[in-house]
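Down below is the structure, laid out as structure tokens.
Residue numbers (this note's numbering): 1 to 291.
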């Protein structure tokens, strides 16, 4: 396997995101979807900024532009997704949103193996969506929010990859998180300030910032420095898989035949994509040794 550390980073990101989501939901009634997303990003950015202390004065215009676009994609992706799960079931929202990364993976596919990975992941996502659908009519607004979030997820993947090249370390991510939070903060209005009314809300917000932003986005930035965007888009499909597993383990939610089938398909797609990525590198090493 060419990028075992990148795969470990993605798995760690998926696990951390699910733990963070469990905390974030508790803030929705208090700060709303936009407010929760904004405060989460701002707190995560401030924590990471304190830890990394990036040298802003040395950044070029190109670096600042890359970080700004990265921040905008982060803020809008999170804001629209939180609004989506306020209107439609979580599993359905994740499935619809994931059409964005899958479309990117399909567009960047160059081999039949890449196409097979996309197909397996897509079928898995459809099964997860069917399994989570309650039979009730879906809110058109919720579906629209999820689709928009999917578009910004694609922007996030491409922007994160670019910033990983332009800006060393985690300083670019720290500033991007703050930019993303500030961008969507006006939408939430004064409602987001309620989070700071009690220490309990503050503790939940900090926990959410660390688990749902700081840790996963840091790990994904590391992974994207080692993976092509299409490979990342397939491997990140493990995220809804972990959502199903955590629901079964922690929340005693039913693990249906459809959900198990979806998990198997997505894991197969991830393994196939990882092996596909390793093959060219292995051949390259053999040729270099022969030379």
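Cβ coordinates follow ideal geometry from the N, Cα and C atoms, glycine included.
Contact annotation: residue 17 and residue 240 have beta-carbon atoms that are not nearer than 8 Å. Unbroken beta strand (DSSP E) stretches of 3 residues or longer found wholly inside the stretch 156 to 182: none. Of the residues 265, 124, 243, the one whose Cα lies closest to the Cα of residue 15 is 243. Unbroken alpha helix (DSSP H) runs of no fewer than 4 residues, entirely contained in the stretch 5 to 87, are found at 28 to 52, 61 to 84, following chain order. In this structure, the straight-line span from the alpha carbon of residue 228 to that of residue 198 is close to 43 Å. In the pairwise beta carbon analysis, the stretch 76 to 96 is classified as touching the stretch 138 to 155: at least three pairs are separated by under 8 Å. Taking C-alpha positions only, residue 43 is separated from residue 203 by approximately 11 Å. DSSP places residue 228 outside both helix and strand once states are collapsed to three, so it counts as coil. Spanning the alpha carbons of residue 185 and residue 120 requires a straight line of approximately 38 Å.
Taking a C-beta distance under 8 Å as the contact criterion, residue 269 and residue 236 do not qualify as a contact pair. By the Cβ test, the stretch 166 to 176 is not in contact with the stretch 104 to 119, since fewer than three Cβ pairs between them sit closer than 8 Å. A direct Cα-to-Cα measurement between residue 106 and residue 77 gives close to 20 Å.
Looking only at 72, 20, 100, 238, the smallest Cα-Cα distance to residue 207 is reached by 20.
Counted as a single uninterrupted DSSP element, the alpha helix (DSSP H) harbouring residue 101 occupies residues 99 to 108. In the three-state reduction of the DSSP assignment, residue 89 falls in the coil class. For residue 207, the enclosing alpha helix (DSSP H) starts and ends at 199 to 209.
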